[in-house]
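Asks: Structure in structure tokens, see below.
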């Protein structure tokens, strides 16, 4: 039997599930392999050179193991660092990346005041500042890096309590007032953060539009999968193709009960 070539999704933790959820809507018959690089979580505090080396090595090993048709890097920190390097290292592989949604934010803002809520790594990237220069030069864009939100999101998904005051400390710098103008758009530039979006709305000092790029990423993935297709999509009625479940892989080898329950809820076996 011929195995159905999967779509490979990679993130440092469970944040990529926000994107995987949308991918399922767009590509319900594609097999998904979700690589959770929990051995290196969180990426945001890593120095650039060792993180880049780790990511290129990790992606290369996963390509060799799974022979995916497309690789989706579901992490702003990772893709803004090594997106171009991955394409250069693996020229025969199709990649889809995750970058801060600055362009749509610039189109939607009315006040001209935008904040990008990200990890410290994404905030530091020249890639991020280039996006601002190309797509939001007429806006005031505030970059806000949080050391803790990704870990808070993972704790939230495990059912652990996070105090409103602690969350507000992490997002407070996103809210800027300039005379009669106020920040009206906040870009969630880490795939973990949408899991906390409802909490953000509850504690925000005023209403803003929180941009979650997951649906746009899934749309782009669907376009790339269509052009990269080798076998027909679908785990049923495809002659000679062996159906396999969607799979999650932990790079640490550790699989705690809470994480396994979460992944099962997203239809992943581990």
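In the numbering used here, the protein residues as written are 1483 to 1752.
Glycine included, every Cβ here is placed at the ideal spot set by N, Cα and C.
Only a predicted model underlies this, so the values are computations on that prediction, with no experimental measurement involved.
Could you name the residues of the same chain whose beta carbon sits closer than 8 Å to that of residue 1563, not counting the 5 residues immediately before and after it, in chain order?
Replies: 1530, 1533, 1534, 1537, 1603, 1607, 1609
Asks: Please list, in chain order, all residues of the same chain as residue 1654 whose beta carbon is under 6 Å from its beta carbon, the five residues on each side excluded.
Replies: none
Asks: By a C-beta neighbour count over all protein chains shown, 10 Å radius and 16 as the cutoff for buried, is residue 1727 buried or exposed?
Replies: Counting Cβ neighbours within 10 Å, residue 1727 comes out exposed, since fewer than 16 surround it.
Asks: Using a Cβ-Cβ cut-off of 7 Å (strictly less than) and excluding sequence neighbours within five positions of residue 1569, which residues of its own chain qualify?
Replies: 1577
Asks: What's the call for residue 1685, buried or exposed, on a 16-neighbour Cβ count within 10 Å?
Replies: When all chains shown are included, residue 1685 counts as exposed.
Asks: Using alpha carbons as the reference points, say which of 1619, 1561, 1743 lies closest to residue 1601.
Replies: 1561
Asks: Helix, strand or coil for residue 1741? Go by DSSP, reduced to three states.
Replies: helix
Asks: So, is residue 1473 buried or exposed, given that buried needs 16 or more other C-beta atoms within 10 angstroms?
Replies: Within the shown structure, residues of the chain are numbered from 1483 to 1752, placing residue 1473 beyond reach of any answer.
Asks: Using CA atoms only, rank isn't needed, just tell me which of 1706, 1555, 1674, 1657 is closest to residue 1694.
Replies: 1674
Asks: If you draw a straight line from the alpha carbon of residue 1670 to that of residue 1513, how long is it in whole angstroms?
Replies: 27 Å
Asks: What is the rounded straight-line gap between the Cα of residue 1718 and the Cα of residue 1612?
Replies: Note on residue 1718: pLDDT 40, under 50, position unreliable in the model; the coordinate value appears next. The alpha-carbon atoms of residue 1718 and residue 1612 are separated by roughly 44 Å.
Asks: CA-CA distance, residue 1660 and residue 1553?
Replies: Spanning the two alpha carbons is a distance of roughly 42 Å.
Asks: Leaving out the 5 sequence neighbours to the left and right, which residues in its chain are closer than 6 Å to residue 1523 when beta-carbon positions are compared?
Replies: 1494, 1495
Asks: Please report whether the beta-carbon of residue 1740 lies at a distance below 7 Å from any beta-carbon of chain B.
Replies: Chain labels in this structure do not include chain B; a single protein chain is all it has.
Asks: Quick check: the Cα distance between residue 1764 and residue 1667, rounded to an integer number of angstroms?
Replies: Nothing about residue 1764 can be read from this structure; the chain reaches only from 1483 to 1752.
Asks: Answer with buried or exposed for residue 1492, where buried requires no fewer than 16 other C-beta atoms within 10 angstroms of its C-beta.
Replies: buried
Asks: Short check: CB of residue 1733 to CB of residue 1567, under 7 Å?
Replies: no
Asks: So, do the region 1497–1516 and the region 1694–1703 have three or more beta carbon pairs nearer to each other than 8 Å?
Replies: At 8 Å Cβ cutoff, the stretches touch.
Asks: Identify every residue that forms a DSSP beta bridge with residue 1729.
Replies: 1515, 1751
Asks: Under the assumption that residue 1555 contacts residue 1580 (Cβ atoms under 8 Å), give the Cβ distance between them as a whole number of angstroms.
Replies: 6 Å
Asks: Roughly how many angstroms separate the alpha carbons of residue 1558 and residue 1672, rounded to a whole number?
Replies: 6 Å
Asks: Could you give the DSSP three-state label for residue 1718: helix, strand or coil?
Replies: Unreliable placement is indicated for residue 1718, whose pLDDT of 40 sits below 50; no coordinate value is reported for it.
Asks: Hey, out of 1629, 1683, 1687, whose CA is closest to residue 1528's CA?
Replies: It is 1629 whose Cα lies nearest to the Cα of residue 1528.
Asks: Spatial neighbours of residue 1640 within its chain, please: CB distance less than 7 Å, with the 5 preceding and 5 following residues excluded, ordered by chain position.
Replies: 1740
Asks: I'd like to confirm the pairing. Which residues does DSSP put opposite residue 1507 in its beta bridges?
Replies: Its beta-bridge partners do not exist; DSSP assigns none.
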